[in-house]
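The structure appears right after this line, and notes come after that.
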Amino acid sequence: MIVTGVLLLWFYRPSKDIVLPEIEKAENLDGMGKLTLLILGLTILLWLTSKVTGISDAAVALLAAAALTALRVLDKKDVDNIDWSVLLLMWGGLSLGSAMQSTGLVDYLVESSVITNLYSLPGPWSGFLLACGVVTLTLGLGTFMSHTAATALLVPIVMGLAPGSPVQMVVLTALAASFAMAMPVSTPPNAIAFATGDIPAASMIRSGGLISIVACVVLLVGQGTIIPMMLSSPQVKRALTRRVAVIVPMTGAHADKGELQRNGYALAESQIRKMKIEVRYFDSADHGNKLAGFVESEVLPWMPDLIVGPYSSEEVASVGKMVGQTPVIVPTANVDELTQQSGRAIYRVSPPMQMIAMAAADFLKAVQTQMAFDSILILSEDSSYGKSAVASIMGNCIMRSLPTAKVVTFGNGQAHEAVFSVTPKTVVLMVTRHVPDAKALLERLADHPLRVGFAGAFATPALEVGDYYRVTQWGDDEDDPIAQQFVEQYQALYQSVPQYHAAQAYSALITAGNVLEQAVMQKVSVKKILGTQAVATPVGQVRFLDFAGYFNQNPTTAVVQQLIGGKAATIYPKDQMVMR
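According to my numbering, the residues represented by the sequence shown are 294 to 873, in order.
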């Protein structure tokens, strides 16, 4: 600003005898003046509410012009006095900018080897040379086209070219565009000044061009220190960084599943870090249905843009009642009611219990003849998770004309005391999230061939023992390339095969990262992106839909695996299912 002021004084030195014109005293508004003011107010109101009314800015301007003419505020004399040369100059400049885009000239300049190779030059000057190239290109384009259009065109490209964090280069691009002021078409203030007739085009080009060049030189000299200093303030850092709070059981009864989730989260975090997303982990421990208080006192004060987690259905139900407008992406909890209420900010990646039970019942129906069973026994933990699973399994079995299931429940850690009996033709479905109870059931039924573990603890490495079947939300042997890539990366990092807890946690955090990135780029709310975005993940395409009484539910399903000697392979669904 100081340099610009000095240059303007040098170009237009005021003489000693200059007299500033007096501002004429405004007279009282007559009827036409009040009508003009009314039309102006309505025009501004329509411009500000264009998203609500759906009327474009151009249509509003035409309506205003038509109203001024129809109401005789403007007459033929006023039209004759319009400086058409200025309008033609503006239109010509906009047409030139449009022609540069439509003919491919802009793409040629932006994608030229001079620009794209600058960032890869060796040595400490590569960053400065890239800045010079970006500033020069932005200044050139911004001189002949809308600054908004120029930055909208260049910013995505600059973000791809910039090494490391692109924020500094984006700020540089925006500032360089604002310095393009050599032509009357460059900025609306230039056009207004030129329309007075007191400033010749040659004078504007000479002074405006020199100011643009000097301003960009100052910008390039100071960009290495001033812009980083601005971006280093806590307020700016917070504005530029999106936050994801991950609630995961690090201690307590579900710490073993929490460790699997942490592995998936850590792998996803390494891949979304470049999106300027900060991730913080919070231990849900054994808060259970009292987790809401912990979230209110510990998580929400951190002001996350998204919450991922928690693990159990009881915790999700607790959190869902009080998070308000902060969306929660749930990776694993399955109780149906979590996504059976509209208006809640809960978005579930994992399938609801009904869909998992559907897969189990379909599998049993498909193998009923081969297994030759005549009865079904459900051994379930006595919890909201267990009750939801039992209700869903029984309903699906009845719909498929399978034998009516008998149910035996047990408390946490009490599976070894459960009282039940089986025959060789009884299929036993085991439902628990606790590894000790799952192991106890498998040991008690060690000689029984028809054992089916229902997700939960059975889909963990600790239960990959012996021979039995298990229903799980994901299998590591899926053919999808994204799933295979995830398995390879997970094995390289943790030297073990990932289970669905890790796959769903990874998918939830990857989805959160993509949603936040798109919300920033499209300048819309996180919830709007959550309702429209589809993200490719190891568990399939994650998209949150409303269907069949569910809201914000990812329409995924489950698979059935057969374990022989502790080694699992997906056997259902398949076109030709072969039991090993």
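Built from N, CA and C at the ideal position, the CB exists for glycine as well.
Cα atoms of A488 and A475: separation of roughly 15 angstroms, rounded to the nearest angstrom.
With respect to the 8 angstroms criterion, C509 and A469 are classified as neighbours on the basis of their beta carbons. For V628, the closest alpha carbon among the candidates P620, I639, T619 is that of I639. Annotation: N845 is outside any alpha helix (DSSP H); the continuous beta strand (DSSP E) that includes it extends over 843–846.
Between Y843 and V852, the CB-CB gap reaches or exceeds 8 angstroms. For D839, the secondary structure class from DSSP, reduced to helix, strand or coil, is strand.
In summary, I295 is exposed, with fewer than 16 beta-carbon neighbours lying within 10 Å of its beta-carbon over all protein chains present. L743 sits close to T719, with the two beta carbons spaced by under 8 angstroms. For F747, the enclosing beta strand (DSSP E) covers residues 744–747.
Residue pairing for Q854: DSSP places it in a beta bridge opposite R763, T863. Among the bridge pairs identified by DSSP, A698 is matched with I669. Excluding residues up to 5 positions away in sequence, T753, Q792, H794, A795 lie with their Cβ nearer than 7 angstroms to the Cβ of L553 in the same chain.
Boundaries cannot be given for D629, as no beta strand (DSSP E) includes it and DSSP labels it neither H nor E. For M723, DSSP records a beta bridge to L672, G746. Under the DSSP assignment, I639 falls in the beta strand (DSSP E) whose first and last residues are 639–641. With respect to the C-alpha of S505, the residue from S605, I565, T436 having the closest C-alpha is T436. Judged by DSSP secondary structure, A473 falls outside any beta strand (DSSP E); it is assigned neither H nor E. Put simply, the backbone Cα of A659 is about 50 angstroms away from that of S590. Residues of the same chain with their beta carbon placed closer than 6 angstroms to that of M814 are lacking, with the five preceding and five following residues left out of the count. For the pair of segments examined, the stretch 685–702 was found to touch the stretch 647–657: the number of CB pairs separated by less than 8 angstroms reaches three. Between P597 and R637, the C-beta spacing is not below 8 angstroms. Rounded to the nearest whole angstrom, the C-alpha separation of E810 and K732 is 43 angstroms. If you ignore the 5 residues before and after M497, its C-beta comes within less than 7 angstroms of the C-beta of P477, N483, F487, all in its own chain and listed in chain order. A708 is not a Cβ neighbour of I671, given a cutoff of 8 angstroms.
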